[in-house]
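**Q** Below is the structure I would like to discuss, written out as structure tokens.
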Amino acid sequence: MSSSGEAPLRSEHDIVLARQLVRKLTQELGFSLVDQTKMVTAASELARNTLIYGRGGDMHWEVISGSERRGLKLKFADEGPGIPNLDLAMTDGWTSGNGLGMGLTGAKRLSNEFELDTKVGGGTRVTIVRWK
Amino acid sequence: MERIPILRMGEFLLVTIQVDMHDQLALKLQDDLTAAIQKHASKGVLIDISTLEMVDSFIGRMVADISGMSKILGAETILVGMQPAVAITLVELGLSLPGVATALNVERGMALLRQKIDSDGVDEL
Amino acid sequence: MADATMSNVLKKSGKEIQAGWAKDLAAALPAGKGRISAIELEQQTGEFLKLITAAAEHAKASDITASDFKPVREFLEGVSRSRAAQGFTSDETATFVFSFKKPFFAALKAEMGKDADALAEQTWKATELLDSLGLHTVKTFQKSREEIINRQQREMLELSTPVVKLWEGILALPMIGTLDSARTQVVMESLLQKVVDTGAQIAILDITGVPTVDTLVAQHLLKTVTALRLMGAECIISGVRPQIAQTIVHLGVDLQGVTTKANLADALALALKRTGSSLAK
Numbered sequence: 000m001s002s003s004g005e006a007p008l009r010s011e012h013d014i015v016l017a018r019q020l021v022r023k024l025t026q027e028l029g030f031s032l033v034d035q036t037k038m039v040t041a042a043s044e045l046a047r048n049t050l051i052y053g054r055g056g057d058m059h060w061e062v063i064s065g066s067e068r069r070g071l072k073l074k075f076a077d078e079g080p081g082i083p084n085l086d087l088a089m090t091d092g093w094t095s096g097n098g099l100g101m102g103l104t105g106a107k108r109l110s111n112e113f114e115l116d117t118k119v120g121g122g123t124r125v126t127i128v129r130w131k
Numbered sequence: 000m001e002r003i004p005i006l007r008m009g010e011f012l013l014v015t016i017q018v019d020m021h022d023q024l025a026l027k028l029q030d031d032l033t034a035a036i037q038k039h040a041s042k043g044v045l046i047d048i049s050t051l052e053m054v055d056s057f058i059g060r061m062v063a064d065i066s067g068m069s070k071i072l073g074a075e076t077i078l079v080g081m082q083p084a085v086a087i088t089l090v091e092l093g094l095s096l097p098g099v100a101t102a103l104n105v106e107r108g109m110a111l112l113r114q115k116i117d118s119d120g121v122d123e124l
Numbered sequence: 000m001a002d003a004t005m006s007n008v009l010k011k012s013g014k015e016i017q018a019g020w021a022k023d024l025a026a027a028l029p030a031g032k033g034r035i036s037a038i039e040l041e042q043q044t045g046e047f048l049k050l051i052t053a054a055a056e057h058a059k060a061s062d063i064t065a066s067d068f069k070p071v072r073e074f075l076e077g078v079s080r081s082r083a084a085q086g087f088t089s090d091e092t093a094t095f096v097f098s099f100k101k102p103f104f105a106a107l108k109a110e111m112g113k114d115a116d117a118l119a120e121q122t123w124k125a126t127e128l129l130d131s132l133g134l135h136t137v138k139t140f141q142k143s144r145e146e147i148i149n150r151q152q153r154e155m156l157e158l159s160t161p162v163v164k165l166w167e168g169i170l171a172l173p174m175i176g177t178l179d180s181a182r183t184q185v186v187m188e189s190l191l192q193k194v195v196d197t198g199a200q201i202a203i204l205d206i207t208g209v210p211t212v213d214t215l216v217a218q219h220l221l222k223t224v225t226a227l228r229l230m231g232a233e234c235i236i237s238g239v240r241p242q243i244a245q246t247i248v249h250l251g252v253d254l255q256g257v258t259t260k261a262n263l264a265d266a267l268a269l270a271l272k273r274t275g276s277s278l279a280k
């Protein structure tokens, strides 16, 4: 099993493929069923955000090692408009009309680690990690 | 074009979601379903997600929307067969689908629909 | 070349080194415990010697993370894990590698005794190598112990939250002890699975044995309740003591329409009524 890779997120179909890829990766890493589901769901939320709000982008994945454990890191990157008001975006239920409301906070809750880097006019990069 | 089949079971409609949902498919389903409810004057809709291994906010919203639309058209909606891992994840995600009735499986769902409709009927008297 | 010396010595004096090493190990292990047989020790020391001789031959440096040392690392990991499972302490396990030094250094000295500088250099390289390997052994040992402990903790959690079938379609879960997020996870997973397996309609969560209910505990309870509802099962919370009722109201916790009962008997009566009435139809 290779330790990193990339998947495009340019269409709805790509979101489906990305989900399936994350399912496969978490299975191979031996995550429990619930943990697999959490990560796949988080990926689905973020992939959709990347496509719809970020106007398309990519998902980078990487198997990472901690001191005594392994994990899966997913990074969703786009060159879209960026998120203007982070506090608002991270509030539950906020929506820009494209369903952005649930995605970020939801993905954060479903992951062990969550990082968001965005710049208005400079794209968005969201990184999540789940440890086995 | 790919579409989700809608089965007629007496006065109820059964929708089994097995494939990975996407935008167009969801919209098509809503169109087909509302049309079917009207055509058959259906009193209830069962959405079977027992084979879905993942439900995200997109699907959650779709189900909530279908539930709302059906109600306006005079039909109750029951979501059946959610898998344990999916339920746990949805709760963690913060999606509790408050306006959507649920049942363990299709059989229970039908019994519940029957109960709801019968009690509706009693009220009308 | 520095490392060629090491591997040459290993090849030339392998038998003596192994003999000395095995003897020291046998003496170091607690007498009378007899957890590792002489044969097993013979096999393990022989295997390690073989692998490290091969690695030293090809390796450019004494960097144990290099791929040349992979077989050695993996072998030591295996030894560590089995020691951990057998109940050895971490230093008894590390001794396996560290006691290799004495016979090895003796062989080095015999080979290069005349050249003090070269001997010093070789001894240093060997020390670095064996120390890294020893530490690696300890790391693996600790990880194995942690995994064993985690597994045991999980088993204990599962044992302390047994799901009971009270009646057809009615499950009960007596919760005992504090309700934290790890516990809640285990509870939810086993309870929800039981709901699917038994086709239950109602789950009674009995919190008589839960000492305090604060906001966090209430949140965990509500998560369980919500998950049950999403699957089409109803929930009743029983064992609500007066203090808990006060806490719930003071905290402003919204029980979202979940029925609560003071004791399990009342909850069961209600559950029977609810399931009974749908059957009567």
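Residue numbers (numbering that gives the first Met the number 0), protein chains in the order written: chain A, 0 to 131; chain B, 0 to 124; chain C, 0 to 280.
Just so it is clear, CB atoms sit at the ideal spot from N, CA and C, and this is done for glycine as well.
Predicted, not measured: the structure shown is a model, and the values here were computed from it.
1. Is Ile63 of chain A close to chain D, meaning its C-beta is less than 8 angstroms from at least one C-beta of that chain?
2. Return the first residue and the last residue of the beta strand (DSSP E) that Leu50 of chain A is part of.
3. In angstroms, rounded to a whole number, what distance separates the CA positions of Gly188 of chain C and Ala264 of chain C?
4. Could you check which residue in B:Lys115, B:Glu52, B:Ile71 has the C-alpha nearest to that of Leu125 of chain B?
5. Is it buried or exposed, Trp123 of chain C, if we count other Cβ atoms within 10 angstroms and call 16 or more buried?
6. Report all residues from its chain with a CB closer than 7 angstroms to the CB of Leu94 of chain B; omit the five preceding and five following residues, and keep chain order.
7. Which runs of the beta strand (DSSP E), 3 residues or longer, sit entirely within the stretch 62-127 of chain A?
8. Anything in chain B within Cβ reach of Thr225 of chain C, meaning under 7 angstroms, just list it in chain order.
9. Is the CB of Met187 of chain C under 8 angstroms away from at least one CB in chain B?
10. Around the Cβ of Asn48 of chain A, are there at least 16 other Cβ atoms within 10 angstroms (buried) or fewer (exposed)?
11. Who are the near neighbours of Leu269 of chain C in its chain, counting only those whose CB is closer than 8 angstroms to its CB and skipping five residues on each side?
12. From the beta carbon of Val33 of chain A, is the nearest beta carbon of chain C less than 8 angstroms away?
13. Using DSSP's beta-bridge definition, name the partner residues of Ser131 of chain C.
14. If you draw a straight line from the C-alpha of Ser6 of chain C to the C-alpha of Arg69 of chain A, how long is it?
15. Is there a Cβ of chain C sitting closer than 8 angstroms to that of Glu112 of chain A, yes or no?
16. What does the alpha-carbon distance come out to for the pair Arg22 of chain A and Gln82 of chain B?
17. Between the stretch 74-86 of chain B and chain A, which residues of the former have CB atoms less than 7 angstroms from a CB of the latter, in chain order?
18. Please report the straight-line C-alpha distance between Met111 of chain C and Met155 of chain C, rounded to a whole angstrom.
19. Identify, in the order they occur along the chain, each residue of the same chain with its Cβ nearer than 8 angstroms to the Cβ of Gly81 of chain A, setting aside the five sequence neighbours on each side.
20. How far does the beta strand (DSSP E) with Glu75 of chain B in it extend, from its first residue to its last?
21. Using only CA atoms, which one of B:Val99, B:Glu106, B:Gly73, B:Met20 lies nearest to Lys38 of chain B?
22. Is it true that the CB of Asp22 of chain B sits closer than 8 angstroms to the CB of Arg18 of chain A?
23. Per the DSSP calculation, Phe11 of chain B is bridged to which residue(s)?
24. Kindly identify the DSSP beta-bridge partner or partners of Trp60 of chain A.
25. By alpha-carbon positions, which one of B:Gly43, B:Glu91, B:Leu111, B:Leu78 ends up nearest to Gly98 of chain B?
26. Taking all protein chains shown into account, do 16 or more other C-beta atoms lie within 10 angstroms of the C-beta of Lys14 of chain C, making it buried, or fewer, making it exposed?
27. Are the C-beta atoms of Glu76 of chain C and some chain A residue less than 8 angstroms apart?
28. When you compare only the Cα positions, how much space is there between Ala84 of chain C and Lys138 of chain C?
29. Strictly under 8 angstroms for the Cβ-Cβ distance: is Gln192 of chain C near chain B by that measure?
30. Let me confirm a value: Leu9 of chain C is counted as buried when at least 16 other C-beta atoms fall within 10 Å, else exposed. Which label applies?
31. Would you say the stretch 102-111 of chain A touches the stretch 39-49 of chain B, given that touching needs at least three Cβ pairs under 8 angstroms?
32. Run the CB neighbour count on Lys74 of chain A, radius 10 Å, all protein chains shown included, and call it buried at 16 or more, exposed below.
33. State the Cα-Cα distance for the pair Glu67 of chain A and Glu146 of chain C, rounded to the nearest angstrom.
34. Tell me the DSSP secondary structure of Gly31 of chain C in three-state form.
35. Which residues mark the beginning and the end of the beta strand (DSSP E) in which Ile203 of chain C is found?
36. Smallest Cα separation from Glu61 of chain A: which of A:Asp77, A:Gly4, A:Ala76, A:Thr126?
**A** According to the data block:
1. The chain inventory of the structure shown lacks chain D, comprising the protein chains A, B and C.
2. Where Leu50 of chain A is concerned, there is no enclosing beta strand (DSSP E), although the alpha helix (DSSP H) it sits in stretches over 32-51.
3. One point to set straight first is that residue 188 of chain C is Glu, not Gly, in the sequence displayed. C-alpha separation (whole angstroms): 25 angstroms.
4. Past the edges of chain B, shown from 0 to 124, lies residue 125 of chain B, and the structure says nothing about it.
5. exposed
6. Ser56, Gly59
7. 69-77, 112-117
8. Val90, Ser95
9. yes
10. buried
11. Ile235, Thr258, Lys260
12. yes
13. Answer by DSSP bridge pairing: none, since Ser131 of chain C is not bridged.
14. 34 angstroms
15. no
16. 16 angstroms
17. Ala84, Val85
18. 57 angstroms
19. Thr117, Lys118, Val119, Gly120, Gly121, Gly122, Thr123
20. 75-79
21. B:Gly73
22. no
23. B:Met8, B:Gly43
24. A:Gly4, A:Leu73
25. B:Leu78
26. exposed
27. no
28. 14 angstroms
29. yes
30. buried
31. no
32. buried
33. 10 angstroms
34. Reliability fails at Gly31 of chain C, whose pLDDT of 48 lies under 50, so the model's placement of it is uncertain and the value that follows must be treated cautiously. Coil, per DSSP.
35. 201-208
36. A:Gly4
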